[in-house]
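In what follows, a single structure is set out as structure tokens and then discussed.
Numbering (the numbering used here), first residue to last: 1 to 427.
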């Protein structure tokens with residue numbers, strides 16, 4: 001050997017580490033597992049794409065997808081923007097291919113016991129088929145055990161709201177028959193925007209609205225028995241006028257959350273979430289959202305932690321945790337400037353789709369944010385978000401059919417482009 005050559009070999013008499021260590025085997029085995037998962041995922045993905053191109057749509061290989069995610073290979077196998085396709089069966093029996101966009105490849109899912117696992121976030125590319133209320137108009141009074149006898153009752157206004165609700169005014173209505181225990185009084189619908197002469201009070205037998213017992217006219221005055229004073233927040237025996245007038249904007253108790261996470265038939269997916277909650281108009285005619293998907297897809301879904309901040313009017317504005325299989329996106333997740341940070345992290349898909357360098361401002365219109373209809377793919381739809389407008393008890397955010405980022409009263413029925421997480425999370 002030349003003097004300036006450096007040997008890379010150990011002397012023959014020197015014992016070094018074995019050529020093939022147990023750790024080497026483990027490392028190689030792990031690499032093989034990752035390669036297998038990646039190949040399985042690529043095969044599944046290519047198969048889905050090929051079938052979509054031929055017009056024959058079959059179910060995704062959910063186990064294969066989860067294996068890729070668990071191995072940490074989702075960014076390579078399913079880059080942001082990849083579409084995975086399954087099918088959705090409408091209530092009339094018509095079947096649609098249903099693409100899901102990969103919007104975030106390297107997420108973390110957290111379960112109800114605090115366990116975590118790698119996750120990939122999918123969001124429906126098209127808007128859902130049904131217009132659903134975020135919340136129904138909420139009851140303003142729960143009839144006590146003693147009932148309410150026929151007669152005149154009045155309520156005071158303790159807030160200024162819009163054009164027609166003024167502090168210090170009083171309004172009365174007359175029951176022509178006794179209201180039974182457990183009945184709910186609703187009414188004062190759209191109160192700030194409707195003239196008091198057109199306000200009504202409705203007496204329902206129960207929260208399911210199984211029977212409308214009476215409809216009463218409302219007039220200015222303070223005759224009869226006082227039931228209390230309306231405020232923006234619940235007050236005594238009266239609910240928040242915000243929730244009474246335009247519905248409740250809190251995701252955790254929303255009708256939309258129940259709809260998205262149920263596969264039950266029409267009439268079976270909604271239950272009241274508190275004493276004020278009333279059945280949404282669509283509950284008896286529209287099946288739960290998950291009823292349209294295959295058992296394979298439903299079995300692949302896991303309840304994961306979802307954080308949503310409450311409003312500062314009927315709530316204290318703090319974060320509320322739910323565990324959902326399907327959920328509406330937040331402002332933050334779709335790369336819009338949130339009113340409060342912490343409702344998830346942004347999904348790279350929306351940054352790439354819009355070309356935005358920073359989260360986009362509210363109250364602006366962005367055509368690249370338009371979500372089109374699953375059944376009519378040239379038609380834009382209003383789609384709901386789960387983020388509450390913080391300064392109100394009744395308004396939640398959404399994206400309009402023209403791409404505008406704004407909000408609507410919770411009672412208005414619109415579509416959605418919901419999301420889920422593919423994960424091997426064990427509860």
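Don't be surprised by glycine CBs; every beta carbon is placed ideally from N, CA and C.
Per DSSP, residue 324 is one residue of the beta strand (DSSP E) stretching across 319 to 324.
Within 10 angstroms of the beta-carbon of residue 114 lie fewer than 16 other beta-carbons, which makes it exposed.
Shown here, residue 77 sits in a helix according to DSSP, grouped into three states. Residue 231 sits in coil when the DSSP states are folded into three classes, being neither helix nor strand.
From the listed residues 82, 69, 144, the smallest Cα separation to residue 109 is found for 69. Here residue 343 is buried: its Cβ has 16 or more other Cβ atoms, across all protein chains shown, within 10 Å. Rounded to the nearest whole angstrom, the CA to CA distance from residue 184 to residue 73 is 53 Å. The alpha-carbon separation between residue 65 and residue 263 amounts to approximately 23 Å.
If you draw a straight line from the Cα of residue 314 to the Cα of residue 63, it is about 42 Å long. Of the other Cβ atoms in all chains shown, 16 or more fall within 10 Å of the Cβ of residue 288; this residue is therefore buried. Among the bridge pairs identified by DSSP, residue 415 is matched with 383. Within the segment 235 to 305, there are no complete beta strand (DSSP E) runs of at least 3 residues. With 16 or more other Cβ atoms from the protein chains shown falling within 10 Å of its own Cβ, residue 253 counts as buried. With a 10 Å radius around the Cβ and a threshold of 16 neighbouring Cβ atoms, residue 423 comes out buried. Within a 10 Å sphere around the beta-carbon of residue 261 sit 16 or more other beta-carbons, which makes this residue buried. DSSP, reduced to helix, strand and coil, places residue 226 within a strand of the structure shown.
Residue state for residue 66 is assigned as helix, using DSSP reduced to three classes. If you look at residue 171, you'll find it isn't in any alpha helix (DSSP H); it sits in the beta strand (DSSP E) that goes 170 to 175. Cβ-Cβ distances below 7 Å link residue 149 to 178 in the same chain, with the five nearest sequence neighbours on each side left out; the list follows chain order. As computed with DSSP, residue 86 is found in a beta bridge with 98. DSSP, read as helix, strand or coil, puts residue 348 in helix. In this structure, DSSP gives residue 354 a helical state, which the three-state scheme calls helix.
Between residue 90 and residue 291, the alpha-carbon positions lie close to 9 Å from each other. Uninterrupted alpha helix (DSSP H) stretches at least 4 residues long and entirely within the segment 97 to 166 do not occur. Residue 325 has its alpha-carbon roughly 15 Å from the corresponding atom of residue 116. Residue environment: residue 364 is assigned as exposed (fewer than 16 neighbouring CB atoms within 10 Å of its CB, all protein chains considered). The C-beta of residue 333 has 16 or more other C-beta atoms within 10 Å across all chains shown, which makes the residue buried.
According to DSSP, residue pairing for residue 400 in a beta bridge does not occur. Counting every other CB atom within 10 Å of its CB across the protein chains shown gives residue 280 a total of 16 or more, marking it as buried.
Judged by DSSP in its simplified three-state form, residue 197 adopts helix.
Restricting attention to 135, 160, 220, the CA atom closest to the CA of residue 192 is found in 160.
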